[in-house]
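Per my numbering, the very first residue in the sequence shown carries number 152; after that it's consecutive.
All C-beta atoms in this analysis are idealised placements derived from N, C-alpha and C, irrespective of residue type, glycine included.
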Amino acid sequence: MATRNFRPDSLLGEGGFGCVFKGWIEENGTAPVKPGTGLTVAVKTLNHDGLQGHKEWLAEVSFLGDLIHPNLVKLIGYCIEDDQRLLVYEFMSRGSLENHLFRSMFPSLFCCFRL
């Protein structure tokens, strides 16, 4: 519900892990709220046909769940139900570090991700 059922207009991007969607949750909780209110989050979904699997998902939960640093994205939560795997991060309004680093090397590849 936080991502409006993973609607295409909520899609932020896609990587080896799967798709990342923009969503909104309560400031001091996890319940979904109306778009544009509350805390903006990025929700990663595990693509079962992707390059990464449950092992990498678990490593990311363990690693970011233990570390708190101003230069690391904050893991807000995760979901594991049946074969579904989700990671919920703080939303980075100016895009990911990866986009900033590699856009300058390959500008034509990132024309759709301008900030």
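Check	Outcome
Between which two residues does the beta strand (DSSP E) carrying Val239 extend?	Gln235 to Glu241
Can Leu238 and Lys195 be called in contact, C-beta distance under 8 angstroms?	yes
Is Ala193 closer than 8 angstroms to Ile176 when the C-beta atoms are compared?	no
Cα-Cα, which of Cys170, Gly189, Gln235 and Phe168 is closest to Glu178?	Gly189
Going by Cα to Cα distance, which pick from Glu232, Thr181 and Lys206 is closest to Tyr240?	Thr181
Just list the residues that DSSP pairs Glu232 with in beta bridges.	Gln235
Any idea what DSSP makes of Gly167, helix, strand or coil?	coil
Count the other CB atoms within 10 Å of the CB of Gly169; is the residue buried (16 or more) or exposed (fewer)?	buried
Along the chain, where does the beta strand (DSSP E) that runs through Val194 open and close?	Leu190 to Thr196
Rounded to a whole number of angstroms, what is the C-alpha to C-alpha distance between Gly166 and Pro221?	23 angstroms
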